[in-house]
Structures are given as C-alpha cells and as structure tokens.
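This report concerns only the one structure given below.
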Amino acid sequence: MSFPVEIFEKASNLEYLEISRCRGLVELFLSRHEMRWSRNLMTVSRVCKELQKLCISSCPDLTTLVHSAVSFSNLKHLSIKDCHKLRYLFTSTTARQLVFLEEMYVVECKSMEQIILDEEVLRITSEAIKFEQLTTIILDSLPKLLYFYSGSDTLELSSLMRVLIWKCPHMTIFSRGDIHAESFMGIQVSLDPNQDLLFYQDLNTTVKGMFQLGMATGRGGYGFDDTRPRPRD
C-alpha cells in the first residue's frame with residue numbers, strides 16, 4: 001500500500017510532510033505498478049520536488065521510501081525513525097538529487113543495512129555523490145548497518161562537520177569509495193554533546209577506529225528532539 005495519488009494532487013506546494021504510525025504502508029509514494037502511469041509519476045514528482053522537510057516514524061511495514069524515478073531535489077531535513085523493514089533509504093541515483101540536504105537522522109531501524117544503495121554496479125564511469133550542504137548525520141540504533149554508502153563512487157561532503165554514530169555495532173566503514181569532507185571535525189560516540197569528538201585522519205579511518213574500540217555499542221537513544229551535536233570551539 002502507498003498513499004493515494006489524489007492526496008498529492010491537492011498538495012502541489014507541500015513543503016513539510018510528517019507521517020507517523022501508519023501500519024500497512026509499504027511504499028511511501030508510488031508502487032512499481034502505479035509508476036507505469038505517467039500522470040501518477042508526474043504528480044508525485046512535482047510534490048517531491050517542493051518538499052523541504054520529511055519526517056517518518058513508526059511505520060513498521062514500510063519497505064521503500066522512494067523509487068529512483070522520483071527526486072527530492074529541494075529536501076533539506078530528513079528524519080526516519082522506527083521503520084523496521086527499511087533496508088536502505090535511497091539508491092545512488094536518487095541520492096545524487098539531494099543537493100540541498102542539510103540534516104539526516106536515521107534512528108531505530110532494525111533492518112537498515114546501508115543508507116545509500118549502489119544500484120549502478122555495471123557502470124563503466126564513476127560519478128560523485130554530492131551532499132555539499134549536509135552538515136549533520138545522526139545514525140542511532142541501527143543494529144544491521146554496515147556502511148553509509150555501499151558503492152565505490154566518491155562522496156562529496158564539503159559541509160559535514162560531525163557525525164553521531166550510536167549503537168551501530170556492525171558499521172566498520174563509512175563508504176567503500178573516497179570521501180571528501182574538508183570540514184569534518186569528528187564522530188560523536190556519546191549522547192553527551194559536550195564530550196570530545198573521535199577523530200583519526202579522515203571519516204573512513206575514524207569509523208574504523210570507532211569499530212575497533214567498540215565505541216558504537218552503548219546504551220541509550222537519540223531522539224529527534226534531543227540536543228544536536230555542536231561544533232567544537
């Protein structure tokens with residue numbers, strides 16, 4: 001089940017969408033069958049391009065956030081919590097459209113294995129994934145998470161300052177490819193925002209060090225309304 005297209009036909013200028021406690025919701029916008037109808041695709045694509053904030057919580061049957069044909073080109077804030085059938089958030093094709101994303105929160109999703117799925121394994125050329133506005137990434141209580149991005153394309157994270165990783169015991173690396181994160185200050189491995197950040201050379205090396213030290217298996221949780229990580233003085 002997905003949301004009826006008719007709802008979005010009446011919300012063409014929708015900028016903020018919050019969905020909570022929707023049992024039976026399997027796909028957020030369009031099923032693969034509904035994608036065959038060009039009118040449906042055009043309607044949902046128009047709405048998604050206007051969205052700036054998307055918050056989804058407690059949707060236990062949700063398996064697909066969005067198909068590759070739909071773009072969140074103006075999305076700035078993304079919060080996903082307590083969606084236990086999601087295995088990934090975006091394909092690499094969709095992720096390349098998130099050029100204005102500033103904050104990403106992924107919390108308590110038991111089946112989440114990766115944030116960005118590499119769907120272009122047969123490509124000959126490489127194309128960077130650019131999150132040039134992204135400053136904050138929160139990854140909390142994701143017991144099956146292996147990495148942020150499973151592909152080998154370069155991640156451009158020029159504005160990313162810090163990441164919180166908490167209770168992600170199987171995350172040994174952030175990405176398989178190169179990462180350009182000139183502003184990265186370190187990983188927050190505690191719910192105390194005043195604690196020193198963990199930093200080893202770069203983002204990938206820091207995640208490896210965090211895993212070796214067993215620093216992402218603590219107790220507790222990070223809610224959407226909690227104090228966010230703050231830049232170090």
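First residue of the sequence shown: 1, per the UniProt record's numbering; consecutive thereafter. Beta carbons are placed, not taken as given, at the ideal position from N, Cα and C, and that holds for glycine. Everything numeric in this text was worked out from a predicted model, so none of it was measured.
- If you look at Thr94, you'll find it in the alpha helix (DSSP H) that goes Ser92 to Ala95.
- Gln114 carries a strand assignment under DSSP once its states are collapsed to helix, strand and coil.
- Here Met161 has Thr135, Ser183, Met185 and Pro231 as same chain residues with Cβ atoms under 6 Å from its own Cβ, once five neighbours each way along the sequence are excluded.
- Going by C-alpha positions, His84 is about 7 Å away from Met112.
- Residues Arg176 and Gly177 of the same chain have their beta carbon placed closer than 6 Å to that of Ser152, with the five preceding and five following residues left out of the count.
- Exposure of Arg23 is indicated by the presence of fewer than 16 other C-beta atoms within 10 angstroms of its C-beta.
- The DSSP-derived three-state label of Leu198 is strand.
- Under a 10 Å Cβ-count criterion, Met42 is classified as exposed, with fewer than 16 other Cβ atoms of the shown protein chains found around its own Cβ.
- If you check the CB distance, Leu89 and Ile115 come in under 8 Å.
- Between the alpha carbons of Gly209 and Phe174 lies a gap of roughly 11 Å.
- Cys59 is positioned such that its CB atom lies closer than 8 Å to that of Leu25.
- In this chain, Lys76 is not harboured by any beta strand (DSSP E), its DSSP state being neither H nor E.
- Taking every protein chain shown into account, the CB of Arg96 has 16 or more other CB atoms within 10 angstroms, so this residue is buried.
- Sorting Met171, Tyr200, Leu51 and Pro193 by C-alpha distance to the C-alpha of Leu139 places Met171 at the top.
- Bounds of the alpha helix (DSSP H) holding Lys208 are Leu203 to Leu213.
- Taking each of Cys168, Glu15, Lys130 and Thr63 in turn and checking the Cα distance to Phe100, the smallest one comes out for Lys130.
- Take the alpha-carbon of Leu146 and the one of Asn13: they are about 36 Å apart.
- Within 10 angstroms of the beta-carbon of Asn194 lie fewer than 16 other beta-carbons, which makes it exposed.
- When DSSP reads this structure, Asp140 sits in a beta bridge with Val107 and Trp166.
- For the pair Ser159 and His77, the Cα-to-Cα distance works out to about 15 Å.
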